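Participant:
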Amino acid sequence: MSAPAKPKYRTTNWKEYNEALRARGSLLVWLDKDMCWHGGASGKRGRGPKYREAAIQFCRTMKSLFNLPLRQAMGMTQSLLGLAGLDWQVPDFSTISRRQKHLAVTIGGHPTTTGLHLLVDSTGIKMRGEGEWKTKKNGADYRRQWRKVHLGIDAATLEIRAIEVTDNGTGDAPMLPCLLDQIGDDEPIASVSGDGAYDTKGCHEAIARRGAEAIIPTRRNAKPWKDRRPGAEARNAILDATRRLGRKSGRS
Numbered sequence: 089m090s091a092p093a094k095p096k097y098r099t100t101n102w103k104e105y106n107e108a109l110r111a112r113g114s115l116l117v118w119l120d121k122d123m124c125w126h127g128g129a130s131g132k133r134g135r136g137p138k139y140r141e142a143a144i145q146f147c148r149t150m151k152s153l154f155n156l157p158l159r160q161a162m163g164m165t166q167s168l169l170g171l172a173g174l175d176w177q178v179p180d181f182s183t184i185s186r187r188q189k190h191l192a193v194t195i196g197g198h199p200t201t202t203g204l205h206l207l208v209d210s211t212g213i214k215m216r217g218e219g220e221w222k223t224k225k226n227g228a229d230y231r232r233q234w235r236k237v238h239l240g241i242d243a244a245t246l247e248i249r250a251i252e253v254t255d256n257g258t259g260d261a262p263m264l265p266c267l268l269d270q271i272g273d274d275e276p277i278a279s280v281s282g283d284g285a286y287d288t289k290g291c292h293e294a295i296a297r298r299g300a301e302a303i304i305p306t307r308r309n310a311k312p313w314k315d316r317r318p319g320a321e322a323r324n325a326i327l328d329a330t331r332r333l334g335r336k337s338g339r340s
């Protein structure tokens, strides 16, 4: 039996298509002139750091975003500061290299007051190893190493609001409380959506503590939990609804 022919698509909305391609190459770097770039008094004994963590994070972002060597990233940062009319000093490469090891990265986001709808999942990234084509053709010369990235994404804006990186043997469920802790207590969470891997007592209790609704499918062999805590009762309600309505009713 021959394989079906691949469908052919013809572009008709050329104006929108051209604008979309142009937007892919657009670059906007927003620098807050009131940002604390240089270090100040820390209240501790001894001299404090010359640069704030925001400066180190900005240089590292330029390096990673444009795949630049560290010294070239310094030059690009200096040029961007000059274009913005900011007379700020750029950290030297040894300072960046030393402080990046202990950098507490701040994830930007737009907090909501109406309730955050958080999507949680994980994905794997290869940190060491050859490309897939070379491995398929000639075999691997050494074992590939992977890391697991756990993400919490705002369903409305698609912004990454929480992130954790672990070894590839760490499950999804144990990391959910860590993701929720990255969302400030002053920001309400309306719901947390994930796959069946998050159908655990720990996950449901963590979601219940934030006053959020758990949108997590139960496992096929799921049984009611005897626990009377809020998280368990919310999960049992999901199980009852699944039994009454069926699994397909929850799929889009």
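In the numbering used here, each residue carries its 1-based index in the sequence shown increased by 88.
In this text, a Cβ means the ideal position worked out from N, Cα and C, and glycines have one as well.
Nothing here was measured: the structure is a model prediction, and the numbers come from that model.
For A243, which three-state DSSP category applies?
Facilitator: Of the three classes helix, strand and coil, the one that applies to A243 here is coil, per DSSP.
Participant: For a minimum of 3 consecutive residues, which ranges assigned as the beta strand (DSSP E) are wholly contained in the stretch 232–280?
Facilitator: Taking only runs of at least 3 residues, the beta strand (DSSP E) segments lying wholly in the stretch 232–280 are 233–242, 248–255.
Participant: Work out the CA separation of E293 and W70 for me, nearest whole Å.
Facilitator: With the chain running from 89 to 340 in the structure shown, residue 70 is simply not present.
Participant: Quick check on DSSP: helix, strand or coil for A302?
Facilitator: A302: strand per DSSP, three-state reduction.
Participant: Against chain C, does R140 count as a neighbour if the rule is that its beta carbon must be under 8 Å from one of theirs?
Facilitator: Looking at the structure shown, chain C is missing, and only one protein chain is on hand.
Participant: Quick one: what does DSSP say S90 is sitting in, helix, strand or coil?
Facilitator: Coil at S90, not helix or strand.
Participant: Given this structure, state the Cα-to-Cα distance separating D260 from Y286, to the nearest angstrom.
Facilitator: About 7 Å.
Participant: Below 8 Å on the Cβ atoms is my contact criterion, and I expect L206 with R249 to pass it. Report the Cβ-Cβ distance as a whole number of Å.
Facilitator: Yes, L206 and R249 are in contact; Cβ-Cβ is about 7 Å, under 8 Å.
Participant: Please report the residue range of the beta strand (DSSP E) in which R317 lies.
Facilitator: That residue, R317, is in no beta strand (DSSP E); it is neither H nor E in DSSP.
Participant: Shortest alpha-carbon distance to L171 belongs to which of G282, K121, I303?
Facilitator: The option with the nearest alpha carbon to L171 is K121.
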